[in-house]
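Data block below; observations after.
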Amino acid sequence: MRDTISLYAQEADFETWRLARMNLAIRGIDGIVAQADSFHDDRHAGLEADIVLAHPPFNGYEWGKESLTSDKRWHFGLPPRRNANFAWVQHCIGHLAPSGHAGLVLANESMSSIQRAEREIRKVLIDADLVDCIVALPGQLFFSTQRPSCLWLLARGRQRGAPILCVDVRGLGHMLSPTHRALEDGDIARVTETYGTWKNAKDTGDYSDIPDFCRSVSVAEIRSNGYVLVPGRSVVLKIPKDN
């Protein structure tokens, strides 16, 4: 499997870049890992990947919008100066192949921000059928921050007007310490299996909504809730009675 994968990555922070290189070496994985700022010096410009994975800084504050206002990556809208969440989303989309998939870990605010530019970009992404699945995660998963986060799973080539899967795992996992939570292997398997079943539902018919855990939500309902994607809030995971 490793012989069939071509890996390209980029990291600006020198220490994090060294850790990435070390982790790949330990696992015997070859890859091109550039050390540079992704926004201002994209070393993989023009690359179209089948899979893009990213865990960017949450709510990146000063990311250099002023010098990038005309960048071609902002196809879905110009991100605000004081928050890079949707700059990262669009950077990743810009590197997707026509049938590619992307997974990003973002701050919770990305699902519901009412800041004008962020809300508009989220709206355009949803209406463009790029958002495949949203997973709300519990807080305290990362040593670097106590803040809750979420997974954005994006996909090109989705069916026009296809629903979006919303999953809520905020109540799962266990505390390893007073400040750090971990998801169990079974929790992770449950999410991945649910997503896989949902993706194949057209062929198998096996997927069913699960109250308080997952629901396949129509774009019309998301639109009626102001394009907010927070599972359990504006996108309610309770199954409607007429279902």
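If you count the sequence shown from 1, position 118 lands on 1053 in the working numbering, and the numbers rise without skipping.
Glycine residues also receive a C-beta, built at the ideal position from the N, C-alpha and C atoms.
I964 (DSSP reduced to helix, strand or coil): Sequence index remark: in the sequence shown, residue 964 carries index 29 (1-based). Note: I964 maps to coil in three-state DSSP.
Whole runs of the alpha helix (DSSP H) within the stretch 1019-1073, excluding any shorter than 4 residues: 1020-1028, 1044-1047, 1051-1062
Close-in-space but distant-in-sequence residues of the same chain around T1004 (CB under 8 Å, 5 per side omitted): Indexing the sequence shown from 1 puts residue 1004 at position 69. Within the same chain, T1004 has close Cβ partners L1013.
In whole angstroms, what separates the C-alpha of L1041 from that of S1079? As a first step, residue 1041 is located in the sequence shown; it is residue number 106 there, counting from the start. As a first step, residue 1079 is located in the sequence shown; it is residue number 144 there, counting from the start. Those two C-alpha atoms are separated by around 13 Å.
Is it a yes or a no for the stretch 1149-1168 touching the stretch 1044-1058, going by three-plus beta-carbon pairs under 8 Å? yes
In this structure, does DSSP put T1080 in helix, strand or coil? Translated into positions along the sequence shown, residue 1080 becomes position 145. Here T1080 sits in strand by DSSP.
Would the beta-carbon of K1035 fall within 7 Å of that of L1088? Translated into the one-based positions of the sequence shown, residue 1035 becomes position 100. Translated into the one-based positions of the sequence shown, residue 1088 becomes position 153. In the sequence as presented, Lys is not what sits at residue 1035; that position holds Gly. No, these two residues do not count as a Cβ contact at 7 Å.
Under 7 Å between C-beta atoms of G999 and F1021: For the purposes of this step, residue 999 is identified with residue 64 of the sequence shown, where counting begins at 1. For the purposes of this step, residue 1021 is identified with residue 86 of the sequence shown, where counting begins at 1. Not closer than 7 Å, so no.
Bridge partners for Q1094 per DSSP, in chain order? Numbered from its first residue, the sequence shown carries residue 1094 at position 159. According to DSSP, Q1094 bridges with nothing at all.
Contacting residues, own chain, Cβ-Cβ under 6 Å from N1178 (five flanking each side not counted): Along the sequence shown, read from residue 1 onward, the residue named residue 1178 stands at position 243. Note that N1178 has pLDDT 43, beneath the 50 cutoff, so the model's placement of it is unreliable and the number below is only indicative. Nothing listed; no residue qualifies.
How should F949 be labelled, buried or exposed, when 16 other C-beta atoms within 10 angstroms of its C-beta is the threshold for buried? Within the sequence shown, residue 949 is the residue found at index 14, counting from 1. Counting Cβ neighbours within 10 Å, F949 comes out exposed, since fewer than 16 surround it.
I need the boundaries of the alpha helix (DSSP H) containing S1159, first residue and last residue. For the purposes of this step, residue 1159 is identified with residue 224 of the sequence shown, where counting begins at 1. Here the alpha helix (DSSP H) through S1159 covers 1154-1159.
To the nearest angstrom, report how far apart V1126 and F1011 are at their CA atoms. Counted from its first residue, the sequence shown places residue 1126 at position 191. Counted from its first residue, the sequence shown places residue 1011 at position 76. When rounded, the distance between both Cα atoms is 29 Å.
Since V1102 is in the beta strand (DSSP E), which residue starts that stretch and which ends it? The sequence position of residue 1102 within the sequence shown is 167, counting from 1. Unbroken beta strand (DSSP E) run through V1102: 1099-1103.
For R1150, which three-state DSSP category applies? Within the sequence shown, residue 1150 is the residue found at index 215, counting from 1. DSSP places R1150 in strand when its eight states are reduced to three.
Simplified DSSP assignment, three categories, for Y1142: For the purposes of this step, residue 1142 is taken as the residue at position 207 of the sequence shown. In the structure shown, Y1142 sits in coil (DSSP, three-state: anything other than H, G, I, E or B).
Is the beta carbon of C1149 sitting closer than 7 Å to the one on T1129? In the sequence shown, the residue the question calls residue 1149 occupies position 214. In the sequence shown, the residue the question calls residue 1129 occupies position 194. Cβ distance < 7 Å, so C1149 and T1129 count as in contact.
Top-ranked residue by Cα proximity to E1156, from A944, I1061, Q1050, T939: Along the sequence shown, one-based indexing puts residue 1156 at 221. Measuring from the Cα of E1156, the nearest candidate turns out to be I1061.
For S1159, which residues from the same chain have a beta carbon less than 7 Å from its beta carbon, with the 5 sequence-adjacent residues on both sides left out? By one-based count along the sequence shown, residue 1159 stands at place 224. Once the five neighbours on either side are set aside, S1159 has no close Cβ partner at all.
Which residues DSSP lists as bridging Q945, in chain order: For this step, residue 945 is matched to residue 10 along the sequence shown. Answer is A969, bridged to Q945.
Cβ neighbours of A1136 in the same chain (closer than 6 Å, five flanking residues each side left out): Start at 1 with the first residue of the sequence shown, and residue 1136 comes out as number 201. Only Y1142 meet the Cβ criterion.
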